[in-house]
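Quick note on UniProt numbering: the sequence shown kicks off at 1 and runs consecutively.
Backbone N, C-alpha and C fix where the C-beta goes; we use that ideal spot for every residue, glycine too.
Just so we're clear, the structure is a prediction, and the values are computed from it rather than from any experiment.
A short worksheet on the structure shown next.
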Amino acid sequence: MNQKEAVHERLKEYACVAPDQMMQKLQINAEGITQEEAIIRRQKYGNNAPSAKNKDTMFYCIRRAFVNPFSTILFFLGLISLVTDVFLSSDYQKNLTAVLIIFSMLILSGIVRLTQELHSKRVADELFQLVHTTVQVLRDGQWVELSSSELVVGDQIRLEAGDRVPADLRLTGATDLFVSQSVITGESAILEKFPEALPKEPQKLTDYSNILFGGTTVAGGTGTGIVLTVGQETVYGGLTPSVEARKQRFDRGANSIAWVLIRFMTVLVPVVFLASGLTKGDWLEAFLFALSVAVGITPELLPMVVNACLAKGSHSMGKKQTIVKNINAMQSFGSMDVLCVDKTGTLTQDTVLLEYYMDILGNESQKVLDYAYLASHYSTGVGNHLDEAICKAEKMQGKADYYRQLTEKYQKTDELPFDYNRRFSSVLLNTGEENIWIIKGSIEEVARQCSMIEYRGEKTAAGADILQNVHAVVDEMLEDGMKVIAVAYKTMSRAALVPEEEHDFILLGYLAFFDAPKKSAASAIQKLHSLHVNVKVLTGDQKQVARSICRRIGIPAESCLTGAQLDALSENELPIAVEKTNIFAELSPKQKAMLVETLQTNGHTVGFLGDGLNDLPAVIRADVGISVENATEAVRESANVILLKKDLNVLEEGVLEGREAFANMLKYIKITASSNFGNICAIVAASVLLPFFPMTSIQLLLLNLLYDILCLILPWDHVDADLLTKPLEWSGRTLGKFMTFFGPVSSLFDLLTFVFLYFVLCPGVCDGSFGSLSAEKQSLFISMFQTGWFLESMWTQVLILQLLRTKQLPLIQSRPGRMVTGVTILGIVLFTLLPVTPVGKMLGMTAMSPVYFLFLVADVIAYLLLVTLAKAFYIKKNQDLI
Numbered sequence: 001m002n003q004k005e006a007v008h009e010r011l012k013e014y015a016c017v018a019p020d021q022m023m024q025k026l027q028i029n030a031e032g033i034t035q036e037e038a039i040i041r042r043q044k045y046g047n048n049a050p051s052a053k054n055k056d057t058m059f060y061c062i063r064r065a066f067v068n069p070f071s072t073i074l075f076f077l078g079l080i081s082l083v084t085d086v087f088l089s090s091d092y093q094k095n096l097t098a099v100l101i102i103f104s105m106l107i108l109s110g111i112v113r114l115t116q117e118l119h120s121k122r123v124a125d126e127l128f129q130l131v132h133t134t135v136q137v138l139r140d141g142q143w144v145e146l147s148s149s150e151l152v153v154g155d156q157i158r159l160e161a162g163d164r165v166p167a168d169l170r171l172t173g174a175t176d177l178f179v180s181q182s183v184i185t186g187e188s189a190i191l192e193k194f195p196e197a198l199p200k201e202p203q204k205l206t207d208y209s210n211i212l213f214g215g216t217t218v219a220g221g222t223g224t225g226i227v228l229t230v231g232q233e234t235v236y237g238g239l240t241p242s243v244e245a246r247k248q249r250f251d252r253g254a255n256s257i258a259w260v261l262i263r264f265m266t267v268l269v270p271v272v273f274l275a276s277g278l279t280k281g282d283w284l285e286a287f288l289f290a291l292s293v294a295v296g297i298t299p300e301l302l303p304m305v306v307n308a309c310l311a312k313g314s315h316s317m318g319k320k321q322t323i324v325k326n327i328n329a330m331q332s333f334g335s336m337d338v339l340c341v342d343k344t345g346t347l348t349q350d351t352v353l354l355e356y357y358m359d360i361l362g363n364e365s366q367k368v369l370d371y372a373y374l375a376s377h378y379s380t381g382v383g384n385h386l387d388e389a390i391c392k393a394e395k396m397q398g399k400a401d402y403y404r405q406l407t408e409k410y411q412k413t414d415e416l417p418f419d420y421n422r423r424f425s426s427v428l429l430n431t432g433e434e435n436i437w438i439i440k441g442s443i444e445e446v447a448r449q450c451s452m453i454e455y456r457g458e459k460t461a462a463g464a465d466i467l468q469n470v471h472a473v474v475d476e477m478l479e480d481g482m483k484v485i486a487v488a489y490k491t492m493s494r495a496a497l498v499p500e501e502e503h504d505f506i507l508l509g510y511l512a513f514f515d516a517p518k519k520s521a522a523s524a525i526q527k528l529h530s531l532h533v534n535v536k537v538l539t540g541d542q543k544q545v546a547r548s549i550c551r552r553i554g555i556p557a558e559s560c561l562t563g564a565q566l567d568a569l570s571e572n573e574l575p576i577a578v579e580k581t582n583i584f585a586e587l588s589p590k591q592k593a594m595l596v597e598t599l600q601t602n603g604h605t606v607g608f609l610g611d612g613l614n615d616l617p618a619v620i621r622a623d624v625g626i627s628v629e630n631a632t633e634a635v636r637e638s639a640n641v642i643l644l645k646k647d648l649n650v651l652e653e654g655v656l657e658g659r660e661a662f663a664n665m666l667k668y669i670k671i672t673a674s675s676n677f678g679n680i681c682a683i684v685a686a687s688v689l690l691p692f693f694p695m696t697s698i699q700l701l702l703l704n705l706l707y708d709i710l711c712l713i714l715p716w717d718h719v720d721a722d723l724l725t726k727p728l729e730w731s732g733r734t735l736g737k738f739m740t741f742f743g744p745v746s747s748l749f750d751l752l753t754f755v756f757l758y759f760v761l762c763p764g765v766c767d768g769s770f771g772s773l774s775a776e777k778q779s780l781f782i783s784m785f786q787t788g789w790f791l792e793s794m795w796t797q798v799l800i801l802q803l804l805r806t807k808q809l810p811l812i813q814s815r816p817g818r819m820v821t822g823v824t825i826l827g828i829v830l831f832t833l834l835p836v837t838p839v840g841k842m843l844g845m846t847a848m849s850p851v852y853f854l855f856l857v858a859d860v861i862a863y864l865l866l867v868t869l870a871k872a873f874y875i876k877k878n879q880d881l882i
């Protein structure tokens, strides 16, 4: 039996025994455990730190920083180089240079990312400390308030409406206790919980009527219980691996690009090995050269440049009141083309005001307000804006005594809190003479429970057209963006509520509320649309209210689907309907997650902004889970990004930062990989045609390293506006196409350089062709040839970066960042001087004649002109460049 199964068996065991028997098994008493016992139990059963916090350890940050598809490729190449260059070489031939370069780049790349990860972790930890939950715990015979992270198995705790259950616990007492388990099951139903032992072994989570699961929320009532499992062992903690293991769009794209590089290596390396071995006869040297080709086609600083781009974007967002917990989310920001948001608090002011209280014909009615006030005043469910707005009636001038006397007259005896299935709440009041059952909530659902209507004290049969009559009164208010709820009642003899008897009520009237749109919402929506990010509203609110608000802020409101309409769609109809619709109303938490998943299946990169537990499944499922500072703890833990300001304008800035980082990453990956591919193709040809290697393995590695060092400045490059106006694709497919198009252009000029060096320059300096020279002259011939190709490769690679970084004319229509320009010029000068330095001589290089530099300038100009023409053709054919 594994650990998970053992935990479930423990829950089953304790669910089926009386509380006193359970306390005996856990060796606890009515006084609670002591502080000393808590320490022992924490060591035995584990810590109750939130599951996401457990995952966000230093080790996890280190692993995330150093282990990714790009660094894995280089790591294995480094191991192979270590074996061939050190372990299998003679003492004279041992060379650690390649090994040191590769592993140094891996370490530096990891450090860049780890630094940003730890910074984000520190900020998130500080936020967690400010908003972490506390709970009433019985310790040493006294009730004290402790952090939920200090709970241990055997602790006795108290819970009330609005509390998040901190661990799996067995109830020992409950009063009208109702719990939402949507975070666990995805079902929106509110379940009542009881302390009595179960008569038979439970089969599913909803059968545990006396167990509260960690992560769920108390919707109403109060309860006490004993902690059975903590941390990762809780049912909620067991869900965490799926949250952490969810594949980010970044990971999928990174893997596809890594596999493109691997496939090219798989083809080219054996070809180079066989060609070199057959023509040169030295198979060990051929293997080492083929290995250098494998390293050469892989951009050595790829992990470092990628991490630098992401870290810069993440750091910039940190200055804009945004915490990026995982810097990979910056890329997802950049490729996001659909943003799903809740309405309340995101698009609206989140301050609801009671505008009207009226009877069934729309006339002002004090009785409707009084009954609504009593229902809200006595509600022990999770507080909401509507109840708060209703209860403010007692603050009206001269009304304090009136409502005090009203609550003294009507005393609560029972209630059924609001849930997403019924869509209304119930409260039972006693006046000393009669019991009055009041319901308030969705106008449709309340009206369906009514068989009569009341107007000015007269009660008449409602009739079959009650819903039509209701909408005749309220539709105009709904279209104006108001939220309208209904109030109904009936008298009864029973002193307790039974859900099955929620029918045959008397419809009394309505209350209308208004939540004004945020002033910034319309402009923010327009900005996101200009960036080709489609905003879709996913709300549990009424259809008419959602449409009205969206119409005011510029979201197309012609099409709107409710949760019930979604359920009626077939599997083939749903993907089409989701694309055509921008407003989804009256949704359950499960439906929100389903819509996100459908959009992803349709090929979109989806962000979801949510703050409540009903948003948690969708936040987890989205490519970019976005939360806010005051969101529920579970949502904050699961989100990739935390906004310290709930404003869509911040998201627009995040999209721009993400796209800028993404564009600079793609510049490096595509341009470098295509240039390297062109060089390798030229090497394959040269390996067959030349009697010597066109470049030593260490020179080839150094060439790529020096070029990559220059590319480290790319995160600070300017990005053309056209690259920021639409999502960018993170795909190996476009990389392969880019490499095979521009790579051969580079190979053509490499071969032209080979011809000039082998047949013109080197024979002229060495006074003869290679085969006719002495060993000493041949050594000079090889050194000059390798130096010439090294310089030509360096010049073309560095300058082509400037040419292909933009669709426009470089330096004229699109200027690079000043740092990029400065570092590029400085790099070309220093690397051109490298052959005449002691380092260059140590690497087998030599000084070149002025004639070579005249050829080099002409060759590079011709290359840049041809690439300019090729770029225009590529853009015309593919409608894009990067």
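Check: Alpha carbon to alpha carbon, how far is Ser-104 from Ala-639? Give it in angstroms, no decimals.; Outcome: 33 Å
Check: Who are the near neighbours of Phe-873 in its chain, counting only those whose CB is closer than 6 Å to its CB and skipping five residues on each side?; Outcome: none
Check: Distance, Cα to Cα, Thr-216 vs Val-179?; Outcome: 7 Å
Check: Here's the rule I'm using: 16 or more other beta-carbon atoms within 10 Å means buried, otherwise exposed. How should Val-719 be labelled?; Outcome: buried
Check: What span of residues does the alpha helix (DSSP H) with Ser-425 cover, start to end?; Outcome: Segment 424-430 is the beta strand (DSSP E) holding Ser-425; no alpha helix (DSSP H) there.
Check: In its own chain, which residues sit with a C-beta less than 8 Å from the C-beta of Thr-605, not counting the 5 before and 5 after it?; Outcome: Arg-249, Ser-332, Ser-335, Met-336, Asp-337, Val-338, Asp-623, Val-624, Pro-727
Check: From the DSSP output, in three-state form, read off Gly-318 for me.; Outcome: helix
Check: With 16 other CB atoms within 10 Å as the buried threshold, where does Lys-490 fall?; Outcome: buried
Check: At what residues does the beta strand (DSSP E) containing Leu-757 begin and finish?; Outcome: That residue, Leu-757, is in no beta strand (DSSP E); it is neither H nor E in DSSP.
Check: I need the straight-line Cα distance from Ala-174 to Ile-323, nearest angstrom please.; Outcome: 39 Å
Check: Using CA coordinates, which residue listed in Ser-376, Trp-437, Thr-734 is at the minimum distance from Gln-879?; Outcome: Thr-734
Check: Taking the straight line between their C-alpha atoms, what separation do you get for Val-62 and Lys-44?; Outcome: Rather than Val, the amino acid found at residue 62 in this sequence is Ile. Answer to the nearest angstrom: the Cα atoms are 27 Å apart.
Check: Is the CB-CB distance between Ala-682 and Leu-751 below 7 Å?; Outcome: yes
Check: Please work out which residues of its chain come closer than 7 Å, Cβ to Cβ, to Thr-796, disregarding the five sequence neighbours upstream and downstream, and give them in chain order.; Outcome: Ser-746, Phe-749, Val-860, Tyr-863
Check: Cβ atoms of Ile-549 and Phe-347: under 7 Å apart, would you say?; Outcome: Note that residue 347 is Leu in the sequence shown, not Phe. Their beta carbons are under 7 Å apart, which means Leu-347 touches Ile-549 by this criterion.
Check: So, does the region 463-476 touch the region 525-532, judging by three or more C-beta pairs under 8 Å?; Outcome: no
Check: Tell me the DSSP bridge mates of Ala-486?; Outcome: Gly-441, Tyr-510
Check: Between which two residues does the beta strand (DSSP E) containing Cys-450 stretch?; Outcome: 450-455
Check: For Gln-156, which beta-bridge partners are listed by DSSP?; Outcome: Leu-138, Ile-226
Check: Look at Lys-536 and Asn-602 and say whether their C-beta atoms are less than 7 Å apart.; Outcome: no
Check: Does DSSP put Ile-620 in a helix, a strand or coil?; Outcome: helix
Check: Could you tell me the distance, in whole angstroms, from the CA atom of Leu-801 to the CA atom of Ala-311?; Outcome: 22 Å
Check: Which complete alpha helix (DSSP H) runs does the region 772-852 hold, if anything under 4 residues is left out?; Outcome: 775-804, 818-833, 838-842
Check: Please work out which residues of its chain come closer than 7 Å, Cβ to Cβ, to Ala-577, disregarding the five sequence neighbours upstream and downstream, and give them in chain order.; Outcome: Leu-561, Leu-569
Check: DSSP on Gly-398, reduced to helix/strand/coil?; Outcome: coil
Check: Over the uninterrupted alpha helix (DSSP H) stretch that includes Cys-16, give me the two end residues.; Outcome: Premise fails: Cys-16 is in no alpha helix (DSSP H) and is neither H nor E.
Check: Can you tell which of Cys-711, Glu-13, Ala-308 has its C-alpha closest to the C-alpha of Tyr-668?; Outcome: Cys-711
Check: Checking 7 Å against the spacing of the C-beta atoms, do Ile-506 and Met-452 come in under that value?; Outcome: yes
Check: On the premise that Glu-415 lies in contact with Leu-428, defined as a C-beta separation below 8 Å, what is that separation, rounded to the nearest angstrom?; Outcome: 7 Å
Check: Does the beta carbon of Gln-797 fall short of 6 Å from some heavy atom of the ligand ZN?; Outcome: With respect to the ligand ZN, the structure offers nothing, as it holds no ligand at all.
Check: Output needed for Gly-141: all residues of its chain with C-beta closer than 7 Å, excluding positions within five of it in sequence on either side, in chain order.; Outcome: Glu-31, Gly-32
Check: Alpha carbon to alpha carbon, how far is Met-739 from Ser-675?; Outcome: 8 Å
Check: Would Ser-687 be called buried (16 or more neighbouring beta carbons within 10 Å of its own) or exposed?; Outcome: buried
Check: Rounded to whole angstroms, what is the Cα-Cα separation between Gln-544 and Val-474?; Outcome: 10 Å
Check: With distance defined between alpha-carbon atoms, name the residue in Arg-494, Ile-525, Gly-154, Cys-391 nearest to Met-22.; Outcome: Gly-154
Check: What does a CB cutoff of less than 6 Å around Phe-514 pick up in its chain, not counting 5 residues either side in sequence?; Outcome: Leu-353, Glu-355, Met-482
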